[in-house]
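Below is one structure; the comments refer to it alone.
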Amino acid sequence: MNEQEIQHDEHHCHQHGHGDKAPKDGRYDSVPEGYAGAVYTCPMHPEVRQTHPGSCPICGMGLELESAAMLDEGPNPELVDFTRRFWVGTVLTIPLLVLTMGPLLGFSGIREFIGERATLWIELVLGTPVVLCCGWPFLVRAWNSFRTMNLNMFSLIGMGVIAAWLFSVVAVIAPDIFPDGFRDAEGHVGVYFEAAAVIVTLVLLGQVMELRAREGTGKAIRALLDLAAKTARVIREDGSEEEIPLEHVHVGDRLRVRPGDKVPVDGEVVDGRSSVDESMITGEPVPVEKVAGDPVTGATINGTGSLVIEAKRVGSDTMLSQIVEMVAAAQRSRAPIQK
996 MNEQEIQHDE HHCHQHGHGD KAPKDGRYDS VPEGYAGAVY TCPMHPEVRQ THPGSCPICG
1056 MGLELESAAM LDEGPNPELV DFTRRFWVGT VLTIPLLVLT MGPLLGFSGI REFIGERATL
1116 WIELVLGTPV VLCCGWPFLV RAWNSFRTMN LNMFSLIGMG VIAAWLFSVV AVIAPDIFPD
1176 GFRDAEGHVG VYFEAAAVIV TLVLLGQVME LRAREGTGKA IRALLDLAAK TARVIREDGS
1236 EEEIPLEHVH VGDRLRVRPG DKVPVDGEVV DGRSSVDESM ITGEPVPVEK VAGDPVTGAT
1296 INGTGSLVIE AKRVGSDTML SQIVEMVAAA QRSRAPIQK
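If you count by the working numbering, then the sequence shown holds residues 996 to 1334, one letter each, in order.
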């Protein structure tokens, strides 16, 4: 697998012209030189990098882990937050729709019983929390997009929702300022709380579905990471063998791969003969015979023979790590319309 095969698609983000990582930008990149911990970045703006979770200062989108190796086993806090906002929005939007669409469905008695003026105030009370509370993340992203002139789909969502909500609030609080052309036969000004609430709730539903799909991808990435061996058996210069953590293996180390063990890193066979199950990489069900001089891939499973290999690629340079990073980069990418 060559380097070009794992580079990020330039058409998904014009800022990714040289792969998934953009050149360091002092305005948005606060990661210290040599920092080895978790780094969070924006899917839309890879120049935004910091050492803690948060929101993108350009578009407001939630930051994601840059490295797949740092994936957390716990629940996604963004998914938890958006799920809660969605259910709150749904609970408030349903009665709002009943009040608004009731006359069209034969339930006009509800508005008549409550009274038109009181109904408008109830719509305001139901719709305002949906727009300002449940839809707050979208409004923040919309504001950031206008502030930085980096317009995206949240610009349209925010502008449409706020326009409908503001018009409706003014129509309820100060209906007398509107000319007669804005009034119905009974003299009431039409309001659009239900439109704003439905838009917010449906966008929240879309975000929840996307986050759940990405969570599934995250589980697949963790499953890929679990395929790798956790330790390696290194052969010292005096011939002794010692089991060490995988992260302590260096290029050039000689490693013993016993029968049934996973190959710890990408390398080359220097001694021994065995068949290796490479199905997790190639999909081929038949084990491949390996002798001195043949390459081996990390996370493949040794057969009945014993091998001595020389480490050629370790850490993030192994084929498994590159596959994981490629999947993670695809997960972070967004369609051009989402920019």
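C-beta atoms are modelled at their ideal positions from N, C-alpha and C, and glycine is treated no differently.
When R1253, L1087, V1281 are compared against T1226, the one with the closest alpha-carbon = The option with the nearest alpha carbon to T1226 is R1253.
To the nearest whole angstrom, what separates the beta carbons of E1261 and M1314, a pair I think is in contact under 8 Å?
-> Inspection of the sequence shows that residue 1261 is occupied by Asp rather than by Glu. Sure, about 6 Å apart at Cβ, within 8 Å.
C-alpha gap between V1135 and L1127, whole angstroms | Computed Cα separation, rounded: 10 Å.
Alpha carbon to alpha carbon, how far is Q1045 from G1185? Give it in angstroms, no decimals.
-> Distance between the alpha carbons of G1185 and Q1045: 46 Å.
Do the stretch 1135 to 1155 and the stretch 1100 to 1109 make contact, defined as three or more Cβ pairs closer than 8 Å?
-> With the cut-off at 8 Å, the stretch 1135 to 1155 and the stretch 1100 to 1109 do not touch.
Could you check the C-alpha separation between L1121 and A1191 for me, to the nearest Å?
-> So the two alpha carbons sit approximately 11 Å from each other.
Run through the stretch 1065 to 1151 for me and flag every whole alpha helix (DSSP H) of 4 or more residues, listed as ranges in chain order.
-> Runs of the alpha helix (DSSP H) inside the stretch 1065 to 1151: 1072 to 1096, 1103 to 1109, 1111 to 1124, 1131 to 1142.
On a CA-only basis, which of H1243, D1175, I1117 is nearest I1168? Give me that one, please.
-> It is I1117.
May I have a chain-ordered list of the alpha helix (DSSP H) segments no shorter than 4 residues that lie completely inside the stretch 1242 to 1314?
-> The alpha helix (DSSP H) runs lying completely inside the stretch 1242 to 1314 and spanning 4 residues or more are 1274 to 1277, given in chain order.
Residues bridged to G1057 [DSSP beta-bridge criterion] = The secondary-structure analysis by DSSP pairs G1057 across a beta bridge with S1050.
Please report how far the alpha carbon of P1290 lies from the alpha carbon of R1251, in whole angstroms.
-> Near 15 Å, if we compare the C-alpha coordinates of R1251 and P1290.
Out of G1278, H1047, W1160, P1124, which has the shortest C-alpha to C-alpha gap to W1082?
-> Considering only alpha carbons, the answer is P1124.
Over the uninterrupted alpha helix (DSSP H) stretch that includes E1205, give me the two end residues.
-> Run containing E1205: 1188 to 1221, per the alpha helix (DSSP H) assignment.
Is it buried or exposed for D1020, if we count other Cβ within 10 angstroms and need 16 for buried?
-> Confidence is the limiting factor: at D1020 the pLDDT is only 47, short of 50, which leaves the residue's position unreliable and the question unanswerable from this model.
Is E1028 helix, strand or coil when you go by DSSP?
-> In the structure shown, E1028 sits in coil (DSSP, three-state: anything other than H, G, I, E or B).
Go through its chain and collect everything with a Cβ distance to H1047's Cβ below 8 Å, but skip five positions before and after it.
-> Excluding five sequence positions before and after H1047, the CB atoms of its chain that fall closer than 8 Å to its own CB belong to Y1035, given in chain order.
If you run the structure through DSSP and keep just helix, strand and coil, what is V1184?
-> V1184 falls in the strand class under three-state DSSP.
The stretch 1072 to 1089 in contact with the stretch 1197 to 1207 per 3-pair CB rule at 8 Å = With the rule of 3 Cβ pairs closer than 8 Å, the stretch 1072 to 1089 counts as touching the stretch 1197 to 1207.
Beta strand (DSSP E) containing A1227: first to last residue?
-> From DSSP, the beta strand (DSSP E) with A1227 extends over 1226 to 1230.
Kindly list the residues whose CB is nearer than 6 Å to the CB of A1159, restricted to its own chain and excluding five residues on each side of it in sequence; keep chain order.
-> Spatial neighbours of A1159 in its own chain (CB-CB distance under 6 Å, excluding positions within 5 residues in sequence) are listed in chain order as Y1187, A1190, A1191.
Buried versus exposed, by CB contacts within 10 Å (16 or more), I1172 = Exposed, because fewer than 16 other Cβ atoms sit within 10 Å of the Cβ of I1172.
Please classify M1096: is it buried, with 16 or more other beta-carbons within 10 angstroms of its beta-carbon, or exposed?
-> With fewer than 16 other Cβ atoms inside 10 Å of its own Cβ, M1096 counts as exposed.
Coil, strand or helix - E1320 by DSSP | Note: E1320 maps to helix in three-state DSSP.
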